[in-house]
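Count along the sequence shown starting at 1, add 122, and that's the number in our numbering.
Right, one structure below, let's go through it.
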Amino acid sequence: MTTANEEASTPELSFDPNKLRRKYREERDRRLRDDGNEQYVEVKGKFAHYLDDPYVEPGFTRAPLTDEVEVAVIGGGFGGLLAGARLRQAGFENIRMIDPAGDFGGTWYWNRYPGIACDIESYTYLPLLEELEYVPKEKYSYGAEILAHSQAIGRKFDLYRDVCFQTRVEDLRWDDASARWTISTNHGDRMKARFLCLATGPLNRPKLPGIPGIETFKGHSFHASRWDYAYTGGDSEGGLTGLNGKRVGIIGTGATSVQIVPHVGESAEHLYVFQRTPSSIDVKDNPPTDPEWAKSLGSGWHQHRMDNFNCLVSGVPQQEDLVNDGWTALIGKLLLSVAQGKTNDFSKEGLAKAAELADFEKMEEIRARVDSIVKDPKTAEALKPYYRQFCKRPCFHNEYLETFNRPNVTLVDTHGKGVERITETGVVVDGKEYEVDCLIYATGFEVGTDYSRRAGLDLVGRGGITLSEKWAGGTRTLHGMHVHDFPNCFIMSNAQAGFTASYPHLLNEQAKHITYILEQAKERGARTVEVSEQAEQEWIDTCIAKARDVGDFFENCTPGYYNNEGKPTERSAQDGFYGGGSVEFFGVLDAWRQEGNLEGLEVK
Ligand code: NDP
123 MTTANEEAST PELSFDPNKL RRKYREERDR RLRDDGNEQY VEVKGKFAHY LDDPYVEPGF
183 TRAPLTDEVE VAVIGGGFGG LLAGARLRQA GFENIRMIDP AGDFGGTWYW NRYPGIACDI
243 ESYTYLPLLE ELEYVPKEKY SYGAEILAHS QAIGRKFDLY RDVCFQTRVE DLRWDDASAR
303 WTISTNHGDR MKARFLCLAT GPLNRPKLPG IPGIETFKGH SFHASRWDYA YTGGDSEGGL
363 TGLNGKRVGI IGTGATSVQI VPHVGESAEH LYVFQRTPSS IDVKDNPPTD PEWAKSLGSG
423 WHQHRMDNFN CLVSGVPQQE DLVNDGWTAL IGKLLLSVAQ GKTNDFSKEG LAKAAELADF
483 EKMEEIRARV DSIVKDPKTA EALKPYYRQF CKRPCFHNEY LETFNRPNVT LVDTHGKGVE
543 RITETGVVVD GKEYEVDCLI YATGFEVGTD YSRRAGLDLV GRGGITLSEK WAGGTRTLHG
603 MHVHDFPNCF IMSNAQAGFT ASYPHLLNEQ AKHITYILEQ AKERGARTVE VSEQAEQEWI
663 DTCIAKARDV GDFFENCTPG YYNNEGKPTE RSAQDGFYGG GSVEFFGVLD AWRQEGNLEG
723 LEVK
């Protein structure tokens, strides 16, 4: 029996699309909550110690700085490193990198939990491979290699010179008279900079679930992004001997938790995994790099591979699939259905339908994989994701599902509701308390909150307007980078910019774009570069219109940070990614540079 929105079932399919569509909707609805982003609590006050840096000695001090630099780059992760590297390549000498961490690395500095790895192919994910003449050791790099690569970039481009680590920027203030930014920090600095590049990261501020009673827990607890090896023992490769004899709870089953669970399961007396929504877990084959292949790589291989991957995961067909993994499989399925003549309606609707069918097929495979690994049928059922693959970040792991076959590991499924309560001694779900000695929060990072709060600083532009005030009604930029009333300032973020599965790809394009503009500014002897109000408004209108193209997809998704916790609105359309996708976005930037007249920017 079909309803008005449903179609008659297709006999050659091994699944019923109508049934799956209904099931996806049910799972989404069960997870929707009125409080959206408000369900999370900020890590501060009683929880502030969750943010402490475990990798440096406390109490670092230095004399305040009051000097001037040409470009200040705020953030020493991949964004800042790419900006620094591209600027150095263009001949900019006077650059200062500033970061609260004790070294370069950003995400890869802070996150060192057991099992940490990148499940996006290393040959596309790690930036500046050709410049560093480096080919990663395996198809998927572990965290330690990525951290070491970040530091190698810092050395290669001489970015350690003049760097300010363990320095938290608190205030950035524009002065029209001198056309300089003043940078105030936790060390009492009052540095000046002609240009600012903000690369504070998209997932830098850990968040906690606002579970009733969270503050009452008396056992040991920490956030996964600041792993407490002093308590657990071991290192990022595992061997967590400190957990022997301990009952451990982990809240969250996203990409971070998936990598941690096998290690904790191996060492703890008992591990309880508290799940709200299961992740999609695909295979991860991780062969070592073939030295002959590495030697055969010709000039330009890295950009070519990045583009190939990005096109494939963005649904842009390519002659070949260089990466050939779980990420690119979905588009492979879609293309196969075209090649086999199953799809012959190439209208927008026809292609959307074909993509949906390929998605159903892929997710059926993912669910069948759970059945083939997890022995207890009830646990297996609970671990099956019912949503489209790119509604949440897909995960790839070979030991995660297997861990649930261990007698000392229990999946506590909350059926989409989340943990009910935390007590002094444990975690309550469905009225039952699970006592734990240690509670680990793998609950992710702030995404939908105010930019200034996430960056941990306020930006004060012309006439004293703050960025929070300017963006009170929604993000306002040109290309996600320039903001009117904030001259000589470039923001590297994904709001109003093209979102890429491999995030450094976007950062690299932004770094090249910013470098081009600064070169132009230098050539033209510019004192200030600033977007006009009109160009800013036009870009906002474009972004809102483009967001409509992907609105339906996200509206139907299970809640998460990709769809503003299930509440895609006009406001989130303005705050979100460029809806035309990253391939189109990079094309827009490229065409803009080709024009050569800095359209929309006022150069004074
Ligand atoms: P996520 O935001 O992806 O996951 C948070 C988890 O916490 C979700 O499972 C969420 O459930 C759960 N949660 C939140 N509140 C509650 C609650 N009240 N009760 C129970 N569970 C709750 O964070 P991650 O740190 O896992 O990942 C963040 C991002 O970092 C990833 O999306 C990815 O981009 C990146 N990453 C990349 C890796 C890589 O290999 N390249 C590895 C690790 C992370 P729900 O889904 O229902 O909201």
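The beta carbon of each residue, even a glycine, is placed where N, CA and C say it ideally should be.
Relative to the C-alpha of residue i, which candidate in the options has its C-alpha closest?
i	options	result
Leu452	Phe468, Asp407 and Glu478	Glu478
Val193	His426, Asp174, Arg218 and Arg208	Arg218
Tyr351	Glu487, Val191 and Arg234	Arg234
Phe137	Arg348, Val445, Glu652 and Asp481	Asp481
Lys166	Glu542, His345 and Leu533	His345
Asp189	Asp284, Ala474 and Gln618	Asp284
Gln632	Glu677, Ala617, Gly698 and Arg646	Ala617
Ile382	Val405, Met603, Thr354 and Pro409	Thr354
Arg543	Val605, Leu561 and Val386	Leu561
Pro410	Gly335, Lys261 and Val531	Lys261
Tyr172	Gly620, Arg348, Gly570 and Pro258	Arg348
Trp296	Lys464, Lys314, Asp280 and Lys141	Lys314
Phe226	Gly181, Tyr146, Thr322 and Gly586	Thr322
Asp407	Asn366, Ala713, Trp449 and Trp423	Trp449
Lys259	Ala502, Asn530, Ala416 and Leu589	Ala416
Glu253	Gly420, Thr289, Lys464 and Asn520	Gly420
Cys433	Lys455, His342, Thr622 and Gly361	Thr622
Ser343	His309, Lys168, Leu204 and Gln441	Lys168
Ile311	Phe287, Ala713 and Pro176	In the sequence as presented, Ile is not what sits at residue 311; that position holds Asp. Checking every option, the nearest Cα to that of Asp311 belongs to Phe287.
Gln642	Glu655, Gln696, Gly213 and Ile220	Gly213
Glu292	Lys455, Gln273, His519 and Ile196	Ile196
Gly553	Thr565, Asp467 and Gly540	Gly540
Thr664	Gly602, Thr637 and Asn610	Gly602
Leu250	Gly158, Asp241, Gln211 and Tyr282	Gln211
When we look at the beta-carbon of residue i and count the other beta-carbons within 10 Å, is it buried (16 or more) or exposed?
i	result
Thr727	Limits of the chain in this structure are 123 at one end and 726 at the other, which puts residue 727 out of reach.
Asp156	exposed
Lys470	exposed
Arg105	The structure shown does not extend to residue 105, since the chain is modelled only from 123 to 726, so the question has no answer here.
Ala65	Not covered by the structure: residue 65. The range shown for the chain is 123 to 726.
Arg277	exposed
Arg150	buried
Pro222	buried
Val651	buried
Thr716	Here the sequence assigns Gln to residue 716, which means Thr is not the residue at that position. Classification of Gln716: exposed, given that the 10 Å Cβ count is below 16.
Asp412	exposed
Pro516	buried
Thr125	Reliability of the predicted coordinates at Thr125 is poor, the pLDDT of 46 falling under 50, and no value is obtained from them.
Met123	With a pLDDT of only 40 at Met123, under the threshold of 50, the placement of this residue in the model should not be trusted, and no figure is reported.
Arg144	exposed
Ser694	buried
Thr338	exposed
Glu215	exposed
Pro387	The amino acid occupying residue 387 in the given sequence is Gly; Pro does not appear at that position. With 16 or more Cβ atoms within 10 Å of its Cβ, Gly387 is classed as buried.
Val178	exposed
Glu721	exposed
Gly701	buried
Lys141	exposed
Thr289	buried
Phe707	buried
His537	exposed
Ala619	buried
Inset, instruction - Could you pull out every unbroken beta strand (DSSP E) segment of at least 3 residues lying fully inside the stretch 568-633, listed in chain order? - result: 580-582 and 611-613
Inset, instruction - With a floor of 3 residues, list each beta strand (DSSP E) that falls wholly inside the stretch 294-336, ordered by position along the chain. - result: 302-307, 312-320 and 329-331
Legend entry - contact_flag[the stretch 256-275, the stretch 322-342] where n(CB pairs < 8 Å) is 3 or more: no
Inset, instruction - Scan the stretch 641-696 and note each continuous beta strand (DSSP E) run of 3 residues or more that stays entirely inside, going in chain order. - result: 651-653
Inset, instruction - Determine contact between the stretch 568-581 and the stretch 437-445, defined as no fewer than three beta-carbon pairs at a distance below 8 Å. - result: no
Legend entry - Three-pair Cβ contact test at 8 Å for the stretch 658-674 versus the stretch 638-648: no
Inset, instruction - Please determine if the stretch 502-514 and the stretch 401-415 are in contact, where contact requires at least 3 C-beta pairs separated by less than 8 Å. - result: yes
Legend entry - In chain order, each alpha helix (DSSP H) run of at least 4 residues that lies wholly inside the stretch 321-409: 351-354 and 377-389
Legend entry - Segment contact flag, the stretch 385-399 with the stretch 540-549, C-beta cutoff 8 Å, min 3 pairs: yes
Legend entry - Within the stretch 216-292, ranges of the beta strand (DSSP E) (whole runs, at least 3 residues): 217-220
Inset, instruction - Run through the stretch 135-166 for me and flag every whole alpha helix (DSSP H) of 4 or more residues, listed as ranges in chain order. - result: 139-153
Inset, instruction - Decide if the stretch 583-596 is in contact with the stretch 366-386; the criterion is three or more beta carbon pairs, one per stretch, under 8 Å apart. - result: no
Inset, instruction - Taking 8 Å as the threshold, find out whether the stretch 487-503 comes into contact with the stretch 524-540 through three or more Cβ pairs. - result: yes
Inset, instruction - Taking only runs that begin and end inside the stretch 515-566, name each unbroken alpha helix (DSSP H) of 4 or more residues, in chain order. - result: 522-525
Inset, instruction - Ignoring anything shorter than 3 residues or poking outside the stretch 173-216, list the beta strand (DSSP E) runs there in chain order. - result: 190-196
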